[in-house]
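Numbering-wise, my numbering comes out as the position in the sequence shown, counting from 1, plus 113.
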Amino acid sequence: MKKTIAFILLCVVGAIFTIGCENSKLSRKEYTLATGSRSGVYYPIGETLAQILKEEFPDVTLKVIETGGSVENLQLIKDKKVDLALVQNDIAHYAVNGEAMFNGEKITNISGIATLFPEIIQFVVRKDTGINMIEDLSGHKIAVGSKESGTFYNAQQILSTAGVWNNISHQYMNAAEAMQELHTGNIDGFIFTSGLPNPSIIELGKKVEIKLLPISSELTQKLINSYSFYYPSLVGMYQYPGQSEEFQALEINAIVVSSENLNENDQYLITKHLFGKPNELGKNHPRLSKMTKASLRHQLSVKLGSGAFKAHSEIK
114 MKKTIAFILL
124 CVVGAIFTIG
134 CENSKLSRKE
144 YTLATGSRSG
154 VYYPIGETLA
164 QILKEEFPDV
174 TLKVIETGGS
184 VENLQLIKDK
194 KVDLALVQND
204 IAHYAVNGEA
214 MFNGEKITNI
224 SGIATLFPEI
234 IQFVVRKDTG
244 INMIEDLSGH
254 KIAVGSKESG
264 TFYNAQQILS
274 TAGVWNNISH
284 QYMNAAEAMQ
294 ELHTGNIDGF
304 IFTSGLPNPS
314 IIELGKKVEI
324 KLLPISSELT
334 QKLINSYSFY
344 YPSLVGMYQY
354 PGQSEEFQAL
364 EINAIVVSSE
374 NLNENDQYLI
384 TKHLFGKPNE
394 LGKNHPRLSK
404 MTKASLRHQL
414 SVKLGSGAFK
424 AHSEIK
């Protein structure tokens, strides 16, 4: 009898140990992360996250995919073509509610993972245009992002609230095209929602004198009252060539979301090992230097998945 009991206990302990080992391993060798263009901030952040995961799971690859940005990334999530994606918080809000560019079609197979960092909505103009504030954009050629992009909706909301949307010549193009067109003088300015500083805008500022427009306190308050995902931000000096003063801007969060492709345990492990030590992420990339336990869930517009929720509850 004693031998039988001992054998049963040994089996139970062995089963528990086996389950524990299985739960500490990812179920696949490759996962995919949709980011943005190589000239932006999302793609290098994606490479950073892939490296962090590789350090914990050497035999696992997080494949970083270059895309057109938030809207495309969410469509890829909907179509179950990627496992994870970096997106603007406002665009994720539109996706889960079927608003704006999603036109009544809600994306339901999506879970929140974490809030990453604030992005700044940047109004860049040629210095020789004489444009000094957003209200001065009337009558000028302004690139407002590709149609149905995150930048486009930010531009439309801000410029409509400022009363100048209908008074500018809208130029629909992506950020890379806008920078080239501004350099050659074919447009007077452009809007771009991006992490700060954006390396492509730094390079642009070395070729042509540029100015970043501030947003007034009055306009900021109107926008915050109308749109819950905007926050005021004070941009420090010398982010870009020739920028010698601080200026007021608007920010919006960049977040990580996942599709149903990830099972609960994979979602838990990926969240835990990417964001389990938020205060140390800055050593991997400067854009992640201000992350804290509290910031990881700050104004996240998509409900945390069960695996991500478990991981967040363990973060100290």
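Don't be surprised by glycine CBs; every beta carbon is placed ideally from N, CA and C. Small disclaimer: the values here were computed from a predicted structure and weren't measured.
Residue i to residue j span [Cα, whole Å]
i	j	result
Gly252	Ala227	41 Å
Gly159	Ala147	8 Å
Val348	Leu417	30 Å
Leu413	Tyr340	14 Å
Ser408	Ser273	30 Å
Ser419	Glu377	6 Å
Gln284	Gly395	36 Å
Asp249	Leu197	40 Å
Phe170	Leu199	21 Å
His425	Gly276	42 Å
Thr405	Ile190	27 Å
Ser307	Pro399	14 Å
Arg410	Lys390	14 Å
Leu187	Thr264	15 Å
Glu294	Glu316	14 Å
Lys176	Ser357	39 Å
Glu261	Thr180	15 Å
Lys194	Leu375	12 Å
Gly298	Asn280	20 Å
Gly182	Lys138	30 Å
Val184	Ile178	14 Å
Arg141	Asp192	19 Å
Asn392	Gln235	27 Å
Ile247	Ile368	27 Å
Met286	Leu401	29 Å
Asn136	Glu427	16 Å
Lys429	Glu168	21 Å
Range covered by the beta strand (DSSP E) that runs through residue i
i	result
Lys324	323-325
Lys176	174-178
Ser407	In the sequence as displayed, the identity of residue 407 is Ala instead of Ser. Run containing Ala407: none; DSSP gives neither H nor E here.
Gln352	No beta strand (DSSP E) holds Gln352; DSSP gives it neither H nor E.
His283	282-284
Asn366	360-372
Leu336	That residue, Leu336, is in no beta strand (DSSP E); its alpha helix (DSSP H) goes 330-339.
Leu146	143-147
Close-in-space but distant-in-sequence residues of the same chain around residue i (CB under 6 Å, 5 per side omitted)
i	result
Pro345	Thr333
Glu364	Pro231, Ile233, Tyr344, Ser346
Ala291	Ala256, Phe303
Ala288	Phe305
Thr242	Asp301
Ser282	Lys254
Gly217	Gly211
Lys423	Tyr381
Contact belief for residue i with residue j at Cβ below 8 Å, rounded distance in angstroms
i	j	result
Val75	Leu166	Here the chain has residues from 114 to 429 only, and residue 75 is not among them.
Gly153	Asn311	7 Å
Ile314	Val237	6 Å
Ile337	Gln361	Ile337 to Gln361, Cβ: 12 Å. No contact.
Ser150	Tyr156	6 Å
Glu331	Asn222	The Cβ separation is near 41 Å, so there is no contact.
His296	Lys335	So it is not a contact: roughly 32 Å between Cβ atoms.
Own chain partners of residue i with C-beta closer than 8 Å, once the 5 adjacent residues on each side are dropped
i	result
Ala421	Ser224, Gly225, Ile226, Ala227, Ser371, Gln380, Tyr381, Thr384
Gly355	Lys240, Gly318, Glu322, Ile323, Lys324
Lys219	Ala208, Val209, Asn210, Gly211
Ile244	Val238, Leu250, His253, Asp301, Gly302, Lys324, Leu326
Gln269	Val257, Trp278
Phe342	Asn202, Asp203, His206, Ile365, Asn366, Gln412, Ser414
Lys403	Phe230, Gly395
Glu359	Leu347, Val348, Gly349, Met350
Ser259	Gly181, Phe265, Tyr285, Met286, Asn287
Nonlocal neighbours in the same chain, by C-beta distance under 7 Å from residue i, ignoring five residues either side
i	result
Phe215	Tyr207, Ala208
Ala213	Tyr207, Tyr266
Gln352	Leu309, Pro310
Leu387	Leu162, Ile165, Leu166
Cβ of residue i within 9 Å of any chain B Cβ
i	result
Ser402	In the structure shown, chain B cannot be found, because there is only a single protein chain.
Bounding residues of the alpha helix (DSSP H) (the contiguous stretch that carries residue i)
i	result
Leu187	183-191
Glu393	Per DSSP, Glu393 belongs to no alpha helix (DSSP H) and is neither H nor E.
Tyr343	Run containing Tyr343: none; DSSP gives neither H nor E here.
Gly159	155-169
Ser426	419-427
The ligand SAM heavy atom lying under 8 Å from the CB of residue i
i	result
Tyr353	In the structure on display, the ligand SAM does not appear, and there are no ligands present to speak of.
Ignoring anything shorter than 3 residues or poking outside the region 287-322, list the beta strand (DSSP E) runs there in chain order.
-> 302-307
Contained beta strand (DSSP E) runs [length at least 3] in the region 195-276, N- to C-terminal order = 197-201, 223-239, 254-256
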